[in-house]
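In the numbering used here, the protein residues as written are 49 to 496.
In structure tokens:
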């Protein structure tokens with residue numbers, strides 16, 4: 049990442065991430081697709097209503113994994129292998145603790161939160177069933193994201209892709225076996241996903257035990273280093289809080305969608321699965337940028353980091369907008385694939401037409417957040433996302449829905465808040481010296 053063509057480095061790093069993110073979406077889409085076609089609209093609504101809550105619970109810990117990857121990337125770029133090895137083992141130990149904590153928290157809070165967000169009575173039992181079985185595999189979900197983040201920060205995107213492709217195939221096979229063949233209920237789709245994710249985590253860990261000797265993972269070395277944990281937490285927790293705050297806002301959005309009934313839940317949920325695929329280039333370029341910025345700052349290649357940030361953001365925006373146009377016109381066909389009835393399809397198409405043409409702004413915001421995170425400024429994107437995607441989004445929906453009680457108003461909150469965050473990030477990128485100052489020496493000072 050610190051030598052050669054900037055565009056080739058980012059693109060070739062992002063391509064495996066693209067396919068990886070694409071297969072990651074299969075985890076989400078497969079459950080809904082098979083459940084909707086084999087178990088009906090009510091079961092589809094149950095899975096859909098759990099989506100925001102699932103991301104709320106795992107988003108915080110996945111954000112920590114993403115933020116900690118920036119730490120390992122900068123040590124790797126600086127060739128500080130002693131600190132790198134400690135950071136990797138500390139991250140793994142911390143991930144195990146996070147996964148166990150998530151299992152306990154999710155099991156206790158699930159019924160309360162599903163009630164609070166107004167999950168329709170006719171689907172709440174199945175939603176709770178799906179949610180609880182899903183989070184029996186919390187350690188697997190968290191560890192896969194932590195371990196994948198480590199590999200990617202070291203420049204390896206090929207092996208995480210292979211492991212994800214393998215587990216995606218297993219997930220689809222188990223979904224079909226449990227639901228289509230054996231006739232099990234909604235809970236079995238969650239079990240299939242947890243089993244497949246556990247296989248991914250095991251494969252990633254196996255790869256880390258075969259790294260070069262300087263930073264190879266050994267089970268006996270998996271322990272917390274207080275200095276490195278502080279650094280991981282300082283970079284990771286803001287990213288985790290950012291995800292959580294966005295998720296809380298989205299749970300609020302889901303509560304407003306729930307108020308329009310199971311038909312709206314199924315239609316919007318089907319669209320959100322499609323939207324997840326549209327976000328794939330956003331995800332892959334933002335992850336690539338975090339690693340690119342982190343490694344180049346570690347190597348003190350500041351001008352290269354700035355050029356890479358511009359290139360990555362523009363590529364991500366262009367690709368995201370092309371996909372948005374496709375989704376705009378293909379929405380009716382795509383949503384029907386999930387087995388939703390025509391009333392639900394109509395709701396999903398409305399959401400697609402309101403949101404899909406603004407995907408370029410979503411891409412820009414995520415890329416700028418990734419740049420700031422790679423530069424060691426994790427609190428900046430956290431504050432922007434909190435203000436625009438949480439506080440303003442909730443306020444906008446609360447006011448506008450009370451005036452115009454229409455589901456289209458709820459859907460419009462997304463492009464409005466994407467626009468706001470993009471304006472703020474553009475100002476920060478152009479007007480602040482985000483590459484210089486304290487961030488240059490932060491890692492060096494923290495490990496002295």
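From the three backbone atoms N, C-alpha and C, an ideal C-beta is built for every residue, glycine too.
Under 7 Å between C-beta atoms of residue i and residue j
{"i": "residue 314", "j": "residue 404", "result": "no"}
{"i": "residue 158", "j": "residue 132", "result": "no"}
{"i": "residue 343", "j": "residue 50", "result": "yes"}
{"i": "residue 147", "j": "residue 191", "result": "yes"}
{"i": "residue 280", "j": "residue 116", "result": "yes"}
{"i": "residue 338", "j": "residue 228", "result": "no"}
{"i": "residue 87", "j": "residue 386", "result": "no"}
{"i": "residue 434", "j": "residue 361", "result": "no"}
{"i": "residue 126", "j": "residue 346", "result": "yes"}
{"i": "residue 466", "j": "residue 409", "result": "yes"}
{"i": "residue 218", "j": "residue 249", "result": "no"}
{"i": "residue 112", "j": "residue 288", "result": "yes"}
{"i": "residue 551", "j": "residue 134", "result": "With the chain represented from 49 up to 496, any question about residue 551 goes unanswered, as that position is not in the structure."}
{"i": "residue 114", "j": "residue 197", "result": "yes"}
{"i": "residue 294", "j": "residue 437", "result": "yes"}
{"i": "residue 459", "j": "residue 402", "result": "yes"}
{"i": "residue 439", "j": "residue 448", "result": "no"}
{"i": "residue 205", "j": "residue 64", "result": "yes"}
{"i": "residue 333", "j": "residue 91", "result": "no"}
{"i": "residue 291", "j": "residue 107", "result": "yes"}
{"i": "residue 472", "j": "residue 461", "result": "no"}
{"i": "residue 71", "j": "residue 212", "result": "yes"}
{"i": "residue 255", "j": "residue 207", "result": "yes"}
{"i": "residue 432", "j": "residue 470", "result": "no"}
{"i": "residue 193", "j": "residue 110", "result": "yes"}
CB-CB length for residue i against residue j, believed under 8 Å
{"i": "residue 477", "j": "residue 430", "result": "At roughly 16 Å, the Cβ-Cβ gap does not stay under 8 Å, so residue 477 and residue 430 are not in contact."}
{"i": "residue 423", "j": "residue 331", "result": "Between residue 331 and residue 423 the Cβ distance is about 19 Å, and since that is not below 8 Å, they are no contact."}
{"i": "residue 265", "j": "residue 257", "result": "5 Å"}
{"i": "residue 124", "j": "residue 224", "result": "About 40 Å; that fails the 8 Å criterion."}
{"i": "residue 372", "j": "residue 326", "result": "6 Å"}
{"i": "residue 236", "j": "residue 226", "result": "4 Å"}
{"i": "residue 319", "j": "residue 399", "result": "5 Å"}
{"i": "residue 463", "j": "residue 377", "result": "Contact flag wrong, Cβ pair sits at about 17 Å."}
{"i": "residue 252", "j": "residue 195", "result": "4 Å"}
{"i": "residue 185", "j": "residue 246", "result": "6 Å"}
{"i": "residue 316", "j": "residue 396", "result": "6 Å"}
{"i": "residue 442", "j": "residue 297", "result": "6 Å"}
{"i": "residue 336", "j": "residue 58", "result": "5 Å"}
Residues near residue i in its chain [Cβ-Cβ closer than 7 Å; skip 5 each side]
{"i": "residue 270", "result": "137, 140, 141"}
{"i": "residue 238", "result": "178, 181, 182"}
{"i": "residue 55", "result": "359"}
{"i": "residue 263", "result": "129, 132, 133, 136"}
{"i": "residue 363", "result": "333"}
Nonlocal neighbours in the same chain, by C-beta distance under 8 Å from residue i, ignoring five residues either side
{"i": "residue 163", "result": "172"}
{"i": "residue 490", "result": "Because the pLDDT of residue 490 is 48, which lies under 50, any placement of that residue in the model is unreliable, and the question is left without a value."}
{"i": "residue 394", "result": "315"}
{"i": "residue 474", "result": "412, 416"}
{"i": "residue 487", "result": "In this prediction, residue 487 has a pLDDT of 46, which is less than 50 and means its spatial position is unreliable; what the coordinates show is noted afterwards. Correct list, in chain order: 345, 423, 424, 425."}
Three-state class that DSSP yields for residue i in the structure shown
{"i": "residue 173", "result": "helix"}
{"i": "residue 54", "result": "helix"}
{"i": "residue 125", "result": "helix"}
{"i": "residue 401", "result": "helix"}
{"i": "residue 264", "result": "coil"}
{"i": "residue 452", "result": "coil"}
{"i": "residue 180", "result": "helix"}
{"i": "residue 349", "result": "coil"}
{"i": "residue 426", "result": "coil"}
{"i": "residue 269", "result": "helix"}
{"i": "residue 488", "result": "For residue 488, the predicted model reports a pLDDT of 45, less than 50, meaning its position is unreliable; a value from the coordinates is still stated below. Residue 488: helix per DSSP, three-state reduction."}
{"i": "residue 317", "result": "helix"}
{"i": "residue 494", "result": "Caution is warranted here: a pLDDT of 47 is assigned to residue 494, below 50, making its placement in the model unreliable, and the coordinate value is therefore given only provisionally. Three-state DSSP puts residue 494 in a helix."}
{"i": "residue 223", "result": "helix"}
{"i": "residue 473", "result": "helix"}
{"i": "residue 66", "result": "helix"}
{"i": "residue 258", "result": "coil"}
{"i": "residue 435", "result": "helix"}
{"i": "residue 238", "result": "helix"}
{"i": "residue 148", "result": "helix"}
{"i": "residue 230", "result": "coil"}
{"i": "residue 338", "result": "helix"}
{"i": "residue 467", "result": "helix"}
{"i": "residue 520", "result": "As shown, the chain starts at 49 and ends at 496. That puts residue 520 outside it, with no answer to give."}
{"i": "residue 117", "result": "helix"}
{"i": "residue 327", "result": "coil"}
Same chain, Cβ closer than 6 Å to residue i, neighbours up to 5 away in sequence not counted
{"i": "residue 311", "result": "391, 392"}
{"i": "residue 368", "result": "329, 330, 407, 408, 411"}
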